[in-house]
Amino acid sequence: MDGENLARADSELLKSEEMDELWELFNAIHRIWGSEACRIEDMASRWREFVLLKLSESPSYVEHYQDGCKLLSELRDQYGKNLYQYLLLDGQLHRQTNSRIADLKRFVIDEFIRVYVSSGGFRSFGGKNYTGFVSGSRFRSQRPYRTYEDA
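In the UniProt record's numbering, the protein residues as written are 1 to 151.
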């Protein structure tokens, strides 16, 4: 899909307030789990492209995103400034019987976490290129995962 159609899909399907709400959620993932090793601004275009594709491709995430934004607003009234700690750190969230929260977790939060990690957020966990299983890479600047003697 070309850029013009993506922009049209964005403007027709989600309000700017909803896109802002979703971007704030993505930022919260960075604030809670990220570090200075990666910059959220560098991920903005990848995140936006991901959201626009989810809106324009089948199956469309329009309803998931719209319902998610409404639920985030309701939960903000309930949890206040602790909203994102609840959504991102509560290990029992996936066990919720409330299907709206389960859908928010599955179709919005978990997907955004995947985008964050794949867009460079792994750097904040110390990620680096694979150095080889036995004896490592031909580049000796990094210690191999396991030496030949260990095998």
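We put the CB at the ideal spot given by N, CA and C, even for glycine.
Quiz prompt | Endpoints, the alpha helix (DSSP H) within which residue 68 is located | solution = Note, residue 68: alpha helix (DSSP H), 62 to 79.
Quiz item: Do three or more CB pairs link the region 31 to 43 to the region 72 to 83 at distances below 8 Å?
Solution: Short answer: they don't touch.
Quiz prompt | Residue from 30, 63, 15 with nearest C-alpha to residue 85 | solution = A check of alpha carbon separations from residue 85 across 30, 63, 15 identifies 30 as the nearest.
Quiz item: the ligand FMN heavy atoms versus the CB of residue 113: any closer than 7 Å?
Solution: The ligand FMN is not part of this structure, which contains no ligands at all.
Quiz prompt | residue 54 to residue 90 span [Cα, whole Å] | solution = Taking the straight line from one Cα to the other gives about 26 Å.
Exercise. Please classify residue 15: is it buried, with 16 or more other beta-carbons within 10 angstroms of its beta-carbon, or exposed?
Key: With fewer than 16 Cβ atoms within 10 Å of its Cβ, residue 15 is classed as exposed.
Quiz item: Under 8 Å between the Cβ atoms of residue 69 and residue 21?
Solution: Cβ distance < 8 Å, so residue 69 and residue 21 count as in contact.
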